[in-house]
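Below is the structure:
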């Protein structure tokens with residue numbers, strides 16, 4: 004596997020549904036390493052049996068990752084190669100592995116990616132939503148209040164937003180997206196690469212209605228691809244004027260007088276500045 008006296012950690016992407024998506028290279032790596040660290044050994048054992056791979060498995064998940072670092076480091080230092088896999092897709096993408104990879108790199112040990120399936124990329128590629136810039140936010144918080152706060156914090160981002168979601172929270176998440184983002188367009192990608200793969204387009208309210216009408220559409224694992232916020236055209240002169248008006252109003256200057264000062268200093272019609280001042284005053 005490697006000519007170095009020390010071993011290599013291979014970060015191996017596995018299928019997210021269709022087993023034929025596993026690359027020949029990934030299969031060869033899984034068969035050749037001394038050990039496979041898997042998020043769920045029972046789940047991964049099914050994949051290895053399908054591949055005819057008999058490499059030993061050890062669990063590595065969010066509850067024991069920190070404790071596994073020392074033993075895995077020792078095996079790599081001794082010259083053994085190890086593979087890291089998650090239940091499905093590319094490890095570390097909303098899955099365990101970050102602590103291990105960081106620790107190994109800090110020790111100068113080699114970490115090699117073996118790329119392949121990733122639900123995030125698969126959903127984006129077929130969503131029809133802009134992909135030149137996107138922000139992946141993983142899973143939103145499970146509880147309603149923190150979830151809405153997280154959505155609000157991202158509401159003005161202009162890049163495409165991508166979330167993962169589970170079947171027992173998908174309805175609540177769609178409702179919160181609708182409450183915060185209104186009629187923003189989004190795509191709901193479900194059961195990617197599996198028999199019942201589905202892409203649904205619409206507003207949060209429309210997609211929620213679809214799920215209510217057909218409960219089967221609420222089953223499986225989801226990727227939410229949300230259109231970014233529209234670009235805001237900012238007029239620097241208007242922004243300066245609003246700052247000036249706000250400062251004068253805060254000091255007790257009347258609306259008429261503030262508008263007259265803004266028109267004299269910045270130009271423009273006094274009526275326009277008067278309306279801006281009224282708007283600012285109404286907003287407090």
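Numbering (this note's numbering), first residue to last: 4 to 287. All C-beta atoms, glycine included, are put in the ideal place defined by N, C-alpha and C. As the structure is a computational prediction, the values presented were derived from the model and not from experiment.
Roughly how many angstroms lie between the CA atoms of residue i and residue j, to the nearest whole one?
i           : j           : result
residue 8   : residue 99  : 27 angstroms
residue 28  : residue 218 : 39 angstroms
residue 75  : residue 167 : 29 angstroms
residue 64  : residue 42  : 5 angstroms
residue 251 : residue 68  : 58 angstroms
residue 57  : residue 51  : 7 angstroms
residue 199 : residue 145 : 25 angstroms
residue 238 : residue 94  : 45 angstroms
residue 10  : residue 124 : 30 angstroms
residue 66  : residue 114 : 22 angstroms
residue 192 : residue 222 : 11 angstroms
residue 211 : residue 134 : 24 angstroms
residue 226 : residue 103 : 26 angstroms
residue 244 : residue 285 : 16 angstroms
residue 175 : residue 48  : 34 angstroms
residue 97  : residue 172 : 17 angstroms
residue 84  : residue 181 : 48 angstroms
residue 207 : residue 92  : 26 angstroms
residue 105 : residue 257 : 60 angstroms
residue 5   : residue 36  : At residue 5, the pLDDT of 46 sits below 50, so the modelled position is not reliable; the number obtained from the coordinates is stated separately. Taking the straight line from one Cα to the other gives about 11 angstroms.
residue 187 : residue 228 : 11 angstroms
residue 246 : residue 185 : 29 angstroms
According to DSSP, which residues form a beta bridge with residue i?
i           : result
residue 13  : 86, 115
residue 167 : 142, 226
residue 92  : 17
residue 201 : 193
residue 137 : 163
Return helix, strand or coil for residue i, following the three-state DSSP convention.
i           : result
residue 246 : helix
residue 130 : helix
residue 190 : strand
residue 74  : helix
residue 41  : strand
residue 221 : helix
residue 47  : helix
residue 63  : coil
residue 6   : Note on residue 6: pLDDT 48, under 50, position unreliable in the model; the coordinate value appears next. Coil at residue 6, not helix or strand.
residue 207 : helix
residue 233 : coil
residue 25  : coil
residue 97  : coil
residue 80  : helix
residue 151 : helix
residue 270 : coil
residue 256 : coil
residue 181 : helix
residue 58  : coil
residue 36  : coil
residue 241 : helix
residue 69  : helix
residue 278 : helix
Check the C-beta distance from residue i over to residue j and give it rounded, since I have them as a contact under 8 angstroms.
i           : j           : result
residue 269 : residue 240 : 6 angstroms
residue 31  : residue 120 : With 8 angstroms as the limit, residue 31 and residue 120 do not qualify as a contact, their Cβ atoms being about 17 angstroms apart.
residue 19  : residue 195 : 6 angstroms
residue 265 : residue 248 : 6 angstroms
residue 61  : residue 38  : 6 angstroms
residue 53  : residue 22  : 6 angstroms
residue 273 : residue 263 : 6 angstroms
Would the beta-carbon of residue i be found less than 8 angstroms away from any heavy atom of the ligand SAH?
i           : result
residue 103 : Of ligands this structure carries none, so the ligand SAH is not represented either.
Please tell me whether residue i has its Cβ less than 9 angstroms away from any Cβ of chain D.
i           : result
residue 108 : Reference to chain D is not applicable here, since this structure consists of a single protein chain.
> Is it true that the region 82-95 meets the region 14-28, where meeting means three or more beta-carbon pairs spaced less than 8 angstroms apart?
Replying inline: Three or more beta-carbon pairs separated by less than 8 angstroms link the region 82-95 to the region 14-28, which places the two stretches in contact.
> Any chance the region 223-235 sits against the region 159-166, with 3 or more Cβ pairs inside 8 angstroms?
Replying inline: They touch, by the three-pair rule.
> Touch check for the region 132-152 and the region 100-117: three-plus C-beta pairs under 8 angstroms?
Replying inline: Between the region 132-152 and the region 100-117, the count of Cβ pairs shorter than 8 angstroms is below three; the stretches do not touch.
>> Quick test of the definition: if touching needs 3 or more C-beta pairs under 8 angstroms, does the region 122-131 touch the region 145-153?
In response: no
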